[in-house]
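J.: This note's numbering puts the last residue of the sequence shown at 294; the count rises by one with no breaks.
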Amino acid sequence: MKKQNFQSQTTLKSGLKPGIKPGISRFKLNAKYCVISVVFILVFLLGSQSRVCSQTDKKIQEIEKICTSTNNQVAGEELYYNVFTSNKSYMSWPALGNYQENIYWFYEYSGAGKITKKITVKNESAALTSNAEYFFDNEGNLIFYFQSSNYSDLLSKGIICYFDKGKPIGIKVNDTFYENIPSGYSSYIEKVLEKSKKVLNLDDENTGFYNSDLIELIPDTRDK
71 MKKQNFQSQT TLKSGLKPGI KPGISRFKLN AKYCVISVVF ILVFLLGSQS
121 RVCSQTDKKI QEIEKICTST NNQVAGEELY YNVFTSNKSY MSWPALGNYQ
171 ENIYWFYEYS GAGKITKKIT VKNESAALTS NAEYFFDNEG NLIFYFQSSN
221 YSDLLSKGII CYFDKGKPIG IKVNDTFYEN IPSGYSSYIE KVLEKSKKVL
271 NLDDENTGFY NSDLIELIPD TRDK
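1. Can you say whether Tyr232 is buried or exposed, counting buried as having 16 or more other CB atoms within 10 angstroms of its CB?
2. My understanding is that Lys188 touches Thr140, with C-beta atoms under 8 Å, so please give their C-beta distance in whole angstroms.
3. What residue range does the alpha helix (DSSP H) around Ile241 cover?
4. Report buried or exposed for Thr186, applying the criterion of at least 16 other Cβ atoms within 10 angstroms of its Cβ.
5. Could you check what DSSP says for Ala145 in three-state terms: helix, strand or coil?
6. In whole angstroms, give me the CA-to-CA distance for Tyr299 and Val153.
7. By alpha-carbon positions, which one of Asn208, Tyr204, Trp175, Leu166 ends up nearest to Ser195?
8. Starting from the C-beta of Ile259, find all residues in its chain whose C-beta is less than 7 Å away, skip the five residues before and the five after it, and write them out in chain order.
9. With C-beta atoms as the reference, is Ser200 less than 9 Å away from Tyr221?
10. Take Ile229 and list the residues in its own chain whose beta-carbon comes closer than 6 Å to its own, dropping the five residues that flank it on each side.
11. Report the start-end ranges of each beta strand (DSSP E) in the stretch 198 to 234 that is 3 residues or longer and not cut off at the edges.
12. Identify which residue in Leu149, Phe214, Glu209, Gly210 has its Cα closest to the Cα of Glu203.
13. Can you say whether Glu148 is buried or exposed, counting buried as having 16 or more other CB atoms within 10 angstroms of its CB?
14. With the cut-off set at 9 Å, would you say Gln170 and Thr190 are in Cβ contact?
Structure follows, in structure tokens:
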């Protein structure tokens, strides 16, 4: 086994300890190890930040796996689902023109009752199309939200929000990911969480979810 000379207490013939070359002054030696200490601290701090980022990345990967699994269940017709349609005939509505909304509610049963896995909301009118997807964990917590719409440039490519235990852990806007939620999206996140609770309580007698609710879900970047 190779000896570690840096911490050795053995003194060489030169009078210096192992690893110290003759001719190096104490000042230069101290300066050298001060630099090493500073570098070590920086590496430690960067490593700590990296660990935080990796934890977030790991959680997001877990969420995306749940979403993929749920989508596979939907595609394989392994889940129960209900469809709520507003204005089935696609007739003209006041201030909206020709309009229709479809809500697809996917769920499964357990001993505790219904467990909502995913809810998709699709809106179509003469001038507006909007799509939203909500994914939930088995405890009914929102973990993933997606929205796209031609109503706003910010929504043209879609917005993705990730949640963990009711708290946002990341948002992706126009292909740019933010772990720290920009201040302009704070009220948007609050509205998403509010709407998720509302849409989660859908039943056969009361949809309670209309196009105006989705129009409200437009990020206000002026919110500072």
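Cβ atoms here follow ideal geometry from the backbone N, Cα and C, with glycine treated the same way.
T.: Let me lay it out:
1. For the purposes of this step, residue 232 is taken as residue 162 along the sequence shown, with counting starting at 1. Looking at its Cβ environment, which holds 16 or more other Cβ atoms inside 10 Å, Tyr232 is buried.
2. In the sequence shown, counting from the first residue as 1, residue 188 sits at position 118. In the sequence shown, counting from the first residue as 1, residue 140 sits at position 70. Between Thr140 and Lys188 the Cβ distance is about 5 Å, and since that is below 8 Å, they are a contact.
3. Position 171 of the sequence shown, counting from 1, holds the residue named residue 241. Run containing Ile241: none in the alpha helix (DSSP H); it sits in the beta strand (DSSP E), 237 to 243.
4. Here residue 186 refers to the residue found at position 116 of the sequence shown. With 16 or more other Cβ atoms within 10 Å, it is buried.
5. On the sequence shown, residue 145 is found 75 positions in, with the first residue counted as 1. Note: Ala145 maps to helix in three-state DSSP.
6. Lying outside 71 to 294, the shown extent of the chain, residue 299 is not represented and no answer is given.
7. Walking along the sequence shown from the start, residue 195 turns up at place 125. Residue Leu166 is the option with its Cα nearest to Ser195.
8. By 1-based counting over the sequence shown, the position of residue 259 is 189. For Ile259, where only same-chain residues beyond five positions count, the Cβ hits under 7 Å are Cys231, Pro238, Ile251.
9. If you number the sequence shown from 1, residue 200 lands on position 130. If you number the sequence shown from 1, residue 221 lands on position 151. Closer than 9 Å, so yes.
10. Here residue 229 refers to the residue found at position 159 when the sequence shown is read from its first residue. Only Gln217, Val243 meet the Cβ criterion.
11. 199 to 206, 212 to 219, 229 to 234
12. By 1-based counting over the sequence shown, the position of residue 203 is 133. Out of Leu149, Phe214, Glu209, Gly210, Phe214 has the C-alpha closest to the C-alpha of Glu203.
13. Against the sequence shown, residue 148 aligns to sequence position 78. That one is exposed.
14. By one-based count along the sequence shown, residue 170 stands at place 100. By one-based count along the sequence shown, residue 190 stands at place 120. No, Cβ-Cβ distance for Gln170 and Thr190 is not below 9 Å.
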